[in-house]
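The structure appears below as structure tokens.
In our numbering, the protein residues as written are 1 to 290.
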């Protein structure tokens with residue numbers, strides 16, 4: 001039961017780490033529903049793991065099976081938080097972190113302690129994993145809360161899918177080699193599990209920062225083009241206003257001139273001439289409007 005409990009706690013920790021990447025976009029209700037589902041699965045998995053260990057015993061095969069298969073229900077629950085492609089990416093990054101932590105713990109305990117049975121080694125490794133998480137929690141929180149690439153990157157096809165799958169591809173080679181009944185691998189192999197993932201993590205941070213700068217520059221250029229288009233539209237609108245004002249000024253001058261002519265004709269008693277002038281101006285306006 002102790003080992004089952006430690007594994008369940010470790011899997012909840014892995015779910016928590018992945019949750020950190022989406023915590024800012026989730027509402028209180030979404031968080032409650034999500035962690036209620038995690039808690040229910042934790043209770044069920046505790047019973048299942050304990051039954052498996054009692055049935056098949058605690059050994060390398062059963063321990064690795066539980067670690068490698070237990071992530072799937074938590075992953076399916078996590079799909080409530082965001083899109084599938086984002087979850088795939090965060091799953092891979094979480095798997096890299098988990099692999100590095102397990103490897104560091106294994107190196108430390110195998111260097112410092114001697115074990116009589118596999119059960120002692122497995123229990124010590126599972127306990128060490130939790131302790132290492134507590135030690136590095138502030139750094140992990142800071143890293144995973146800023147881990148997701150921008151939406152523009154993941155929406156690119158097919159580049160976005162390649163980026164999302166890249167962490168899983170990096171870690172899958174090691175996980176395939178670990179899927180055996182051997183509990184303790186060579187020291188060189190354990191070192192490779194740290195070197196490659198950590199190299200990827202640092203490389204990813206560089207790529208992410210460079211990509212953010214690129215998209216910031218791209219957005220700045222797009223905003224500049226929009227402003228230029230708006231300025232062009234405003235200039236055209238201003239030119240149109242000026243042209244209309246000039247036309248109105250000419251029309252006002254013509255109206256004053258015609259009013260003066262009509263006034264003079266009426267003053268001289270030339271009523272018919274005034275009516276003819278008015279008719280001529282009316283016909284002229286009708287022709288201009290055609």
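C-beta: ideal position from N, C-alpha, C; glycine also.
Checklist entry - Are the beta-carbon atoms of residue 109 and residue 125 separated by less than 8 Å? => result Contact flag set, yes.
Checklist entry - Is DSSP giving residue 160 helix, strand or coil here? => result In the structure shown, residue 160 sits in a helix (DSSP, three-state: H, G or I).
Next on the checklist: Comparing C-alpha positions only, which one of 63, 201, 101 and 256 sits nearest to residue 133?
Outcome noted: Minimum Cα distance to residue 133 is reached at 101.
Item to check | Nearest candidate by alpha-carbon position, reference residue 11, set 267, 22, 38 and 25 | outcome: Taking only the C-alpha atoms, the option nearest residue 11 is 38.
Next on the checklist: So, for residue 111: in the same chain, excluding its five sequence neighbours on each side, which residues have a beta-carbon less than 7 Å away from its beta-carbon?
Outcome noted: Cβ contact annotation for residue 111 (same chain, cutoff 7 Å, sequence separation greater than five): none.
Next on the checklist: My assumption, with CB atoms under 8 Å, is that residue 197 sits in contact with residue 96. Please give the rounded CB distance.
Outcome noted: About 4 Å separates the beta carbons of residue 197 and residue 96, which is inside the 8 Å limit, making them a contact pair.
Checklist entry - Looking at C-alpha atoms only, which residue of 159, 158 and 192 is the closest neighbour of residue 174? => result Comparing Cα positions, the closest option is 192.
Checklist entry - Is residue 94 near residue 47, with beta carbons less than 8 Å apart? => result No, the Cβ-Cβ distance between residue 94 and residue 47 is not below 8 Å.
Item to check | residue 145, enclosing alpha helix (DSSP H) - first and last residue | outcome: From DSSP, residue 145 is part of no alpha helix (DSSP H); its letter is neither H nor E.
Checklist entry - Leaving out the 5 sequence neighbours to the left and right, which residues in its chain are closer than 8 Å to residue 58 when beta-carbon positions are compared? => result These residues qualify, in order along the chain: 3, 118, 119 and 122.
Checklist entry - Contact between the stretch 24–34 and the stretch 151–158: three or more CB pairs below 8 Å? => result No, the stretch 24–34 is not in contact with the stretch 151–158.
Next on the checklist: Using C-beta distances below 6 Å, list every residue in its chain close to residue 45, excluding the 5 sequence neighbours before and after it, in chain order.
Outcome noted: The residues are 8.
Checklist entry - Roughly how many angstroms separate the alpha carbons of residue 203 and residue 62, rounded to a whole number? => result Distance between the alpha carbons of residue 203 and residue 62: 34 Å.
Checklist entry - Any idea if residue 233 is buried or exposed, counting beta-carbon neighbours within 10 angstroms, 16 or more meaning buried? => result Looking at its Cβ environment, which holds fewer than 16 other Cβ atoms inside 10 Å, residue 233 is exposed.
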